[in-house]
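J.: Could you have a look at this structure, given as structure tokens, before my questions?
Chains as they are written, first to last, in UniProt numbering: chain X, 1 to 396; chain U, 1 to 396.
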């Protein structure tokens, strides 16, 4: 029983879009459905035995079950700083890192620390829905900039800035974009960092997928191109989501503000899971081998999914070619509307997310996001067969 | 290295008081200092071996390391609902509970869901600083009501309401108050619930300590007296803080809003630690025995601390008589100002929190909060000896 009481809610809450993806997860959780919908790393690819061993070792220390410092476990901040220094090509120390409960919390705290209601914020279109929700909850005025095969179209942003737009923040999933799969090109990264300096905004570089490069080194972070970049990272896609460990690096003043807000929000992240994350990230040989295996598995899954899609749909679909990350982006060229296809697809036992769920201003009614990370190749083949069957039924 | 960049911050952040307690923890973390400052359960009292066993069992399930539902693990919601039903004396089911990353997150999400900037909120004085920070971050207009030996002085609240105050929320740590140690009397609980119905506000009953009753059954919750009560609970004080598991029960509409905001804030709480919390709370025989041992240890510690304080300070101090929870409240009657005593106390190797850290409007410059939970009796005796020595030095 819940109470039937009517509670007046905050006016800003009305602006927060529900996540169609999270709602979909309820439907796709049925065992007979193969889900390409969630942004879940493959459960079979998570290093569960290594996590179990690290947990067993961690809990031997009494302080592992106690409260910890709000800014995070010192040792984890050190190992994250070491990893980040390598990515950035410049030294970052532990004081430049704050640990959060997943990178989603880092994004929420940055938004709360920086934004007043009505402040302009640039988001990508299509957008990571979790970012859209954060900025809506902060009462921001959203200014979408389109994403194409090379990531955010920075020329469009430059034109808006030249026309007078003065955002506080520009949010980007620059590497292996969610949902678009695209990666911001080096020249666009340089241009974005230069615009941030020129116009005085902060770039929030949301980077949970950067290490999941299939065939190359991870993309050079936007933060390597300039100083006005907050970087968000996460253990969820490279270790395990249930650790709920993320982090950010940012200017000192902003880090201090984030730490103060984190006190309000959850006091601290779990000492236990921070120890595990620190152990695994500090074990360089193991982590490198694990990442190699993970990247190889994801590359195989991406190839399986895109190959099956191209074989099944031919010219009726254009399909992105993932170079990393977890997502493939489809655009139907035959007039199919994925939002209308979805109910039939679920009847056929396959789930995905229609592009409309990620649209800010654009018409993405012909697009769909497919996650290739959650299922092994054979399942992905079956999923595409089911999707094709649903499509043929709908089309006829 | 951190970036020297100056970042303009949200105007509301300037209203958020830093936690003097968290700042103090840095000082009291020195190994030679016995800390009565933090609100930490005794590390030696945490059921670390049982947590270790539960972790080892939990991680055998692949889903334990994956993302989970935003509202929380179904089984944990069920077991919390069962416990809450017993406390409330009426049936609550799993849909009436949302799991959060500690009860601090529940408080933050409730505030964000309900409050618009400028909305009036009633807080206790002295106040739980984590609540003060949450309401400051939400931009609320704070209306403090004093706490005495029987908890919040509800007559004062009633008079303010009669005079026209119309709060959205009234926050109370009704059982074993932090920092005051007091428990809201049954008649005041009934009066508070009746006022909530009459004036249409929500009571937020923040209850991390209720099960830590020394000699009696836990206090009957305020929520048992009326329907306009949001209850917040936590595994931190009865199992382990590092689980970062809390929960709330609330009207359905508010729970849905909290769940939506939790998507923005951290997507979900750790599946792994939720499984552990569910296992331990569902093991009724073990949990009852553990609670009994915990309550007995806390009772012993409270007696040790208050006995030592009375022996050392005589009539120079009045000292509360804890009936549960973790805190003892001192008021110096000899003109000693604990904020001035503190630096000398730290030199003598003992830390505590001056009452001023918890003051909203009141003059609490003669008061201090001492936590008896973190240290065994012998340490508490030493701590009070050190405090007495510092006091005698200061007084001379």
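Cβ atoms here follow ideal geometry from the backbone N, Cα and C, with glycine treated the same way.
Between the Cα of residue 174 of chain X and those of X:150, X:160 and X:28, spot the shortest distance and give me the residue it belongs to.
T.: Against the first chain, residue 174 of chain X aligns to sequence position 174. Here the closest residue by C-alpha is X:150.
J.: Check whether the segment 348-363 of chain U and the segment 379-389 of chain U are in contact - that is, three or more C-beta pairs closer than 8 Å.
T.: Touching, yes.
J.: Considering only DSSP beta bridges, list what residue 152 of chain U is partnered with.
T.: One-based indexing of the second chain puts residue 152 of chain U at position 152. For residue 152 of chain U, which the question treats as bridged, DSSP gives the partners U:147.
J.: Would you tell me roughly how many angstroms separate the C-alpha atoms of residue 362 of chain U and residue 179 of chain U, rounded to the nearest one?
T.: As a working mapping, residue 362 of chain U is identified with position 362 in the second chain. As a working mapping, residue 179 of chain U is identified with position 179 in the second chain. Cα to Cα, the separation comes out at about 14 Å.
J.: Which of helix, strand or coil does DSSP assign to residue 348 of chain X?
T.: For the purposes of this step, residue 348 of chain X is taken as the residue at position 348 of the first chain. Note: residue 348 of chain X maps to coil in three-state DSSP.
J.: Helix, strand or coil for residue 338 of chain X, going by three-state DSSP, please let me know.
T.: As a position in the first chain, residue 338 of chain X is number 338, starting the count at 1. In this structure, residue 338 of chain X counts as helix in the three-state DSSP scheme.
J.: Does the CB of residue 102 of chain X have a neighbour CB from chain U at under 9 Å?
T.: For the purposes of this step, residue 102 of chain X is taken as the residue at position 102 of the first chain. Yes, because at least one Cβ of chain U sits closer than 9 Å to the Cβ of residue 102 of chain X.
J.: Which residues in chain U have a C-beta closer than 8 Å to the C-beta of residue 137 of chain X? List them in chain order.
T.: Residue numbering aside, residue 137 of chain X sits at position 137 when the first chain is read from its first letter. Neighbours of residue 137 of chain X on chain U, chain order: 112, 261 and 264.
J.: Return helix, strand or coil for residue 84 of chain U, following the three-state DSSP convention.
T.: Here residue 84 of chain U corresponds to residue number 84 of the second chain, with the count starting at 1. Helix at residue 84 of chain U.
J.: Against chain U, does residue 189 of chain X count as a neighbour if the rule is that its beta carbon must be under 9 Å from one of theirs?
T.: As a working mapping, residue 189 of chain X is identified with position 189 in the first chain. No, no contact with chain U.
J.: Sort X:56, X:336, X:205 and X:365 by Cα distance to residue 388 of chain X and report the nearest one.
T.: Taking the first chain and counting its residues from 1, the one referred to as residue 388 of chain X is at position 388. Comparing Cα positions, the closest option is X:336.
J.: Considering only their Cβ atoms, is the gap separating residue 171 of chain X from residue 204 of chain X smaller than 9 Å?
T.: The residue given as residue 204 of chain X occupies position 204 in the first chain. The residue given as residue 171 of chain X occupies position 171 in the first chain. Against a cut-off of 9 Å, the Cβ pair of residue 171 of chain X and residue 204 of chain X comes out as a contact.
J.: Is there at least one Cβ from chain X nearer than 9 Å to residue 379 of chain U's Cβ?
T.: Reading the second chain from its first residue, position 379 is the one you call residue 379 of chain U. Judged by the 9 Å Cβ criterion, residue 379 of chain U is not in contact with chain X.
J.: Within the 9 Å Cβ cut-off, does residue 390 of chain U reach chain X?
T.: Here residue 390 of chain U is taken as the residue at index 390 of the second chain, counted from 1. Answer no: the Cβ-Cβ gap between residue 390 of chain U and chain X never drops below 9 Å.
J.: Can you pull the chain U neighbours of residue 273 of chain X, defined as C-beta to C-beta under 9 Å?
T.: Residue numbering aside, residue 273 of chain X sits at position 273 when the first chain is read from its first letter. Ordered by position in chain U, the residues that pass the 9 Å Cβ test against residue 273 of chain X are 242, 244, 270, 272 and 273.
J.: For residue 246 of chain X, collect the residues of the same chain with a Cβ closer than 6 Å to its Cβ; drop the 5 residues on either side in sequence, then sort them by chain order.
T.: Taking the first chain and counting its residues from 1, the one referred to as residue 246 of chain X is at position 246. 100, 102, 103, 106 and 234, listed in sequence order.
J.: I'd like to know if the segment 227-241 of chain X and the segment 195-209 of chain X are in contact, where contact means that at least 3 CB-CB pairs between them fall below 8 Å.
T.: Segments in contact, yes.
J.: What does a CB cutoff of less than 8 Å around residue 197 of chain U pick up in its chain, not counting 5 residues either side in sequence?
T.: Reading the second chain from its first residue, position 197 is the one you call residue 197 of chain U. Here the set comprises 226, 227 and 228.
J.: Report the rounded CA-to-CA distance for residue 82 of chain X versus residue 154 of chain X, giving the unit in angstroms.
T.: For the purposes of this step, residue 82 of chain X is identified with residue 82 of the first chain, where counting begins at 1. For the purposes of this step, residue 154 of chain X is identified with residue 154 of the first chain, where counting begins at 1. Cα to Cα, the separation comes out at about 30 Å.
J.: Quick check: the Cα distance between residue 277 of chain U and residue 148 of chain X, rounded to an integer number of angstroms?
T.: Counting from one through the second chain, the residue named residue 277 of chain U turns up at place 277. Counting from one through the first chain, the residue named residue 148 of chain X turns up at place 148. Cα to Cα, the separation comes out at about 45 Å.
J.: Could you spell out where the alpha helix (DSSP H) holding residue 415 of chain U opens and where it closes?
T.: No answer is possible for residue 415 of chain U: the residues shown for chain U start at 1 and end at 396.
J.: Can you name the residues of chain U whose CB is closer than 7 Å to the CB of residue 48 of chain X?
T.: Position 48 of the first chain, counted from the first residue, corresponds to residue 48 of chain X. Residues of chain U passing the Cβ test: 59, 62 and 65.
J.: Identify every run of the beta strand (DSSP E) within the segment 90-171 of chain X, keeping only runs that are complete inside it and at least 3 residues long; order them along the chain.
T.: As far as the segment 90-171 of chain X is concerned, its whole beta strand (DSSP E) runs of at least 3 residues are 97-100, 120-125 and 141-148.
J.: Leaving out five residues before and five after residue 70 of chain U in sequence, what residues of the same chain have Cβ atoms less than 6 Å from its Cβ?
T.: By one-based count along the second chain, residue 70 of chain U stands at place 70. Contacts found: 259, 262, 263 and 268.
J.: For residue 10 of chain X, return the contacting residues in chain U, with the cut-off set at a CB-CB distance below 7 Å.
T.: Here residue 10 of chain X refers to the residue found at position 10 when the first chain is read from its first residue. Residues of chain U passing the Cβ test: 112, 113, 114, 115 and 116.
J.: Note down the Cα distance separating residue 110 of chain X from residue 121 of chain X, rounded to an integer number of angstroms.
T.: The residue given as residue 110 of chain X occupies position 110 in the first chain. The residue given as residue 121 of chain X occupies position 121 in the first chain. Those two C-alpha atoms are separated by around 12 Å.
J.: Verify whether the separation of the beta carbon atoms of residue 241 of chain U and residue 46 of chain U is less than 9 Å.
T.: For this step, residue 241 of chain U is matched to residue 241 along the second chain. For this step, residue 46 of chain U is matched to residue 46 along the second chain. Yes.
J.: Between residue 284 of chain U and residue 249 of chain U, what straight-line distance do the alpha-carbon atoms span, to the nearest angstrom?
T.: Walking along the second chain from the start, residue 284 of chain U turns up at place 284. Walking along the second chain from the start, residue 249 of chain U turns up at place 249. Rounded to the nearest angstrom, the two C-alpha atoms are 21 Å apart.
J.: Can you name the residues of chain X whose CB is closer than 9 Å to the CB of residue 196 of chain U?
T.: Numbered from its first residue, the second chain carries residue 196 of chain U at position 196. Within 9 Å Cβ-Cβ: nothing; residue 196 of chain U doesn't reach chain X, min ~10 Å.
J.: How long is the line joining the alpha carbons of residue 303 of chain U and residue 84 of chain X, rounded to whole angstroms?
T.: Residue mapping note: residue 303 of chain U aligns to position 303 of the second chain, counting from 1. Residue mapping note: residue 84 of chain X aligns to position 84 of the first chain, counting from 1. Cα-Cα distance, rounded: 50 Å.
J.: Given that residue 43 of chain U touches chain X, what residues does it touch there, using C-beta distances under 9 Å?
T.: Here residue 43 of chain U refers to the residue found at position 43 of the second chain. Per Cβ cutoff of 9 Å: 62, 63, 65 and 66.
J.: With DSSP collapsed to three states, give me the class of residue 324 of chain U.
T.: Here the question's residue 324 of chain U lines up with position 324 in the second chain. Correct three-state label for residue 324 of chain U: strand.
J.: Cβ atoms of residue 59 of chain U and residue 51 of chain U: under 9 Å apart, would you say?
T.: On the second chain, residue 51 of chain U is found 51 positions in, with the first residue counted as 1. On the second chain, residue 59 of chain U is found 59 positions in, with the first residue counted as 1. Going by C-beta atoms, residue 51 of chain U is not nearer than 9 Å to residue 59 of chain U.
J.: Ignore the nearest five residues each way along the sequence and tell me which others in residue 158 of chain U's own chain have a CB closer than 8 Å to its CB.
T.: The count along the second chain starts at 1 and reaches residue 158 of chain U at position 158. Counting only Cβ-Cβ distances below 8 Å, and skipping sequence neighbours, we find 191 and 195.
J.: State yes or no: is the beta carbon of residue 210 of chain X nearer than 9 Å to at least one beta carbon in chain U?
T.: In the first chain, residue 210 of chain X corresponds to position 210, counting from 1. No, residue 210 of chain X does not count as interfacial toward chain U.
J.: Return no unless some Cβ of chain U is closer than 9 Å to the Cβ of residue 15 of chain X.
T.: Position 15 of the first chain holds residue 15 of chain X. Residue 15 of chain X does not count as touching chain U.
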